[in-house]
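> For the sequence shown, our numbering assigns the number 5 to the initial residue and increments by one for each residue that follows.
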Amino acid sequence: MKRLFLFTSLVLGLPACGDLFCADSCGCNPAPNAGNYDITGTTVTAIANASNSVTVLAAAEPVSRSQFALRFGLDTRLVAAHRVGWGAAYACSPVEPKFTELVTAITVTSNNALDAQHPAGSSLNDLLSVYEVVGNPVADGLLSDYVQRRAQQPALVLELRLANPAAASTGPQQFTVVYQLSNGETYTAQTSPLTLTQ
Numbered sequence: 005m006k007r008l009f010l011f012t013s014l015v016l017g018l019p020a021c022g023d024l025f026c027a028d029s030c031g032c033n034p035a036p037n038a039g040n041y042d043i044t045g046t047t048v049t050a051i052a053n054a055s056n057s058v059t060v061l062a063a064a065e066p067v068s069r070s071q072f073a074l075r076f077g078l079d080t081r082l083v084a085a086h087r088v089g090w091g092a093a094y095a096c097s098p099v100e101p102k103f104t105e106l107v108t109a110i111t112v113t114s115n116n117a118l119d120a121q122h123p124a125g126s127s128l129n130d131l132l133s134v135y136e137v138v139g140n141p142v143a144d145g146l147l148s149d150y151v152q153r154r155a156q157q158p159a160l161v162l163e164l165r166l167a168n169p170a171a172a173s174t175g176p177q178q179f180t181v182v183y184q185l186s187n188g189e190t191y192t193a194q195t196s197p198l199t200l201t202q
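(1) Is A54 near Q71, with beta carbons less than 8 Å apart?
(2) Name the one or two DSSP bridge partners that D42 has.
(3) What separation, rounded to the nearest whole angstrom, lies between the Cα atoms of L106 and Q152?
(4) In terms of residues, what are the limits of the beta strand (DSSP E) holding Q177?
(5) Pick out whichever of G188, T180, L147 and A109 has its Cα sitting closest to the Cα of L131.
(6) For a test of your reading of the model: does the CB of T195 fall under 7 Å from any non-hydrogen atom of the ligand PLP? Yes or no.
(7) Can you tell me the Cβ-Cβ gap for Y41 and P123, rounded? I've got them flagged as a contact below 8 Å.
(8) Taking all protein chains shown into account, decide if Q121 is buried (16 or more other Cβ within 10 angstroms of its Cβ) or exposed.
(9) On the DSSP bridge assignment, give the partners of Q184 in chain order.
(10) Can you tell me whether DSSP reads V88 as helix, strand or coil?
(11) On the three-state DSSP scale, how would you describe L164?
(12) Just tell me which of A62, L74 and N56 has its CA closest to the CA of A167.
(13) Work out the CA separation of P197 and V138 for me, nearest whole Å.
(14) Can you give me the C-alpha to C-alpha distance between G125 and N115, rounded to a whole angstrom?
(15) Helix, strand or coil, according to DSSP, for N53 in the structure here?
(16) By DSSP, does L132 sit in helix, in strand, or in coil?
(17) DSSP three-state call for Y94: helix, strand or coil?
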């Protein structure tokens, strides 16, 4: 009985003793792997963004150029990643999921001219400012160089606003976003028709 108790104490105590020699917060167990986001699609919604309130625009609804924005999001599925340690369980900080793909291009077009230099179907990337939606949206330059600036890392949600609203034409618009990934996948999303006003 004494030998069994000694053997059990040694076996159960080894992981804890071993962890005395480990520097990380998870002991000698490997840190838990994050899951990975697999991108499965995209969505884009036209919104009116005014005074910290966001309204989703109904089909053909008017919106002033200064309040107009596109809310662009990724549809994802979480691919779990498991790593089993050799000892007891530990409370470790959660690890943020990563993306399994890189984004190679984001292109926004409209079915009507947005100004004299941007006819229907042409890229509007140099007219749109990017805001990463984390709490209060934070400006991150023009869409035309956003992908390279971010080293091709996707973001779950982006808001796109006119960089110079006064220069945009008023009238009907319908926006399309094409999202291309490094694995060859391409996703397309389109807004409902809307009307830009003064």
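Ideal Cβ positions, reconstructed from N, Cα and C, are used throughout, including at glycine.
These numbers were taken from a predicted model, which means no experiment stands behind them.
Answer, in terms of the structure:
(1) In the sequence shown, counting from the first residue as 1, residue 54 sits at position 50. In the sequence shown, counting from the first residue as 1, residue 71 sits at position 67. Taking 8 Å as the Cβ cut-off, A54 and Q71 qualify as a contacting pair.
(2) Mapped onto the sequence shown, residue 42 falls at position 38. Beta-bridge pairing links D42 to R81.
(3) Here the question's residue 106 lines up with position 102 in the sequence shown. Here the question's residue 152 lines up with position 148 in the sequence shown. Near 11 Å, if we compare the C-alpha coordinates of Q152 and L106.
(4) Here residue 177 refers to the residue found at position 173 when the sequence shown is read from its first residue. Per DSSP, Q177 belongs to the beta strand (DSSP E) from G175 to Q177.
(5) Counting from 1 along the sequence shown, the entry for residue 131 is found at position 127. That would be L147, whose Cα lies nearest to the Cα of L131.
(6) With respect to the ligand PLP, the structure offers nothing, as it holds no ligand at all.
(7) Residue mapping note: residue 41 aligns to position 37 of the sequence shown, counting from 1. Residue mapping note: residue 123 aligns to position 119 of the sequence shown, counting from 1. Not really, about 36 Å apart at Cβ, beyond 8 Å.
(8) The count along the sequence shown starts at 1 and reaches residue 121 at position 117. Q121 is exposed by the Cβ-count criterion.
(9) Against the sequence shown, residue 184 aligns to sequence position 180. BP columns for Q184 point to A109 and T190.
(10) By 1-based counting over the sequence shown, the position of residue 88 is 84. Legend: pLDDT at V88 = 46, less than 50; position of this residue unreliable, value from coordinates given subsequently. Correct three-state label for V88: coil.
(11) Within the sequence shown, the letter at position 160 stands for residue 164. The answer is strand: DSSP assigns L164 an E or B state.
(12) Sequence index remark: in the sequence shown, residue 167 carries index 163 (1-based). Comparing Cα-Cα distances from A167 to each of A62, L74 and N56, the minimum goes to L74.
(13) If you number the sequence shown from 1, residue 138 lands on position 134. If you number the sequence shown from 1, residue 197 lands on position 193. Approximately 27 Å, taken between the alpha carbons.
(14) Against the sequence shown, residue 125 aligns to sequence position 121. Against the sequence shown, residue 115 aligns to sequence position 111. About 6 Å.
(15) Mapped onto the sequence shown, residue 53 falls at position 49. N53 falls in the strand class under three-state DSSP.
(16) As a first step, residue 132 must be located in the sequence shown, where it is residue number 128. L132 falls in the strand class under three-state DSSP.
(17) Reading the sequence shown from its first residue, position 90 is the one you call residue 94. Low local confidence applies: a pLDDT of 47 at Y94 is under 50, so the model's placement there is unreliable, and no value is given.
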